[in-house]
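Q: Its first residue numbered 2, the sequence shown is counted upward by one per residue in this note's numbering.
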Amino acid sequence: MTTCKPKTNTYVALSSVLGLLIIGLISTLIHFANLRTFGLWFYLLSTTILTIVILLLLVKMMAGYKFISAGKEKIILKFPLRRLTKNYTLDQVKVWEEEKVLANNREFRQLTVVFEDQTSFTISNHEHENYSEMLAYFQKKLAKQHVSFIVKNSKPKRK
């Protein structure tokens, strides 16, 4: 069974950036409480921006923390922060697609899978381990649910 989990390096890097942002927010608040060398608008603007960026980064980290296992004709999604596990059979996969983007001479690849109950998940080669094995599994077992196969074999609707 192939399991995709978040890369440790990604979460260490995001956590260190998050820590630096929190240190910046705390030092800005301490500076405001003790020194007040800048105008009030500076403190309001900087703390607002830092708080919004911190919250967005936290949400991104929490939403991306998931484990996907595929094998033995089933797919298991685990969301540890929500204490939720969803089991699907391969018949419940509605469609899947791999997107490729070339940026700064690096290829970013993202696999999106949609199930019949409209639940979807996305994994990428830079944020998850075993991405290529998961992609190979989908190409082997679910070739008919790939977007290009569906578009190629669909008949145009007549009016």
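Backbone N, C-alpha and C define an ideal beta-carbon position, used for all residues, glycine too.
Shortest alpha-carbon distance to K142 belongs to which of N88, N154 and K75?
A: K75
Q: Leaving out five residues before and five after L82 in sequence, what residues of the same chain have Cβ atoms less than 8 Å from its Cβ?
A: M63 and Y66
Q: Contact between the stretch 86–100 and the stretch 115–134: three or more CB pairs below 8 Å?
A: yes
Q: Are there 16 or more other CB atoms within 10 angstroms of the CB of I27, so buried, or fewer, so exposed?
A: exposed
Q: What residue range does the alpha helix (DSSP H) around E134 cover?
A: Y132 to K142
Q: Exposed or buried, what is I53 when buried is set at 16 or more other beta-carbons lying within 10 Å of its beta-carbon?
A: exposed
Q: With DSSP collapsed to three states, give me the class of R84.
A: coil
Q: Going by Cα to Cα distance, which pick from S16, S47, L21 and S17 is closest to L30?
A: S47
Q: Along the chain, where does the beta strand (DSSP E) that runs through G72 open and close?
A: F68 to G72
Q: Grab me the residues of K87's own chain with a C-beta within less than 6 Å of its C-beta, minus the 5 sequence neighbours each way, in chain order.
A: L78
Q: Taking a contact to mean a Cβ-Cβ separation below 9 Å, would you say L112 touches Y89 in this structure?
A: no
Q: Could you tell me the boundaries of the beta strand (DSSP E) in which K101 lies?
A: V94 to A104
Q: What is the residue span of the alpha helix (DSSP H) that T11 lies within?
A: Taken as a continuous stretch (DSSP letters only), the alpha helix (DSSP H) holding T11 covers T9 to N35.
Q: Throw me the rounded Cβ distance for the M2 and A71 pair, which I believe falls under 8 Å.
A: 7 Å
Q: Tell me whether F150 is buried or exposed, calling it buried when 16 or more other Cβ atoms sit within 10 Å of its Cβ.
A: exposed
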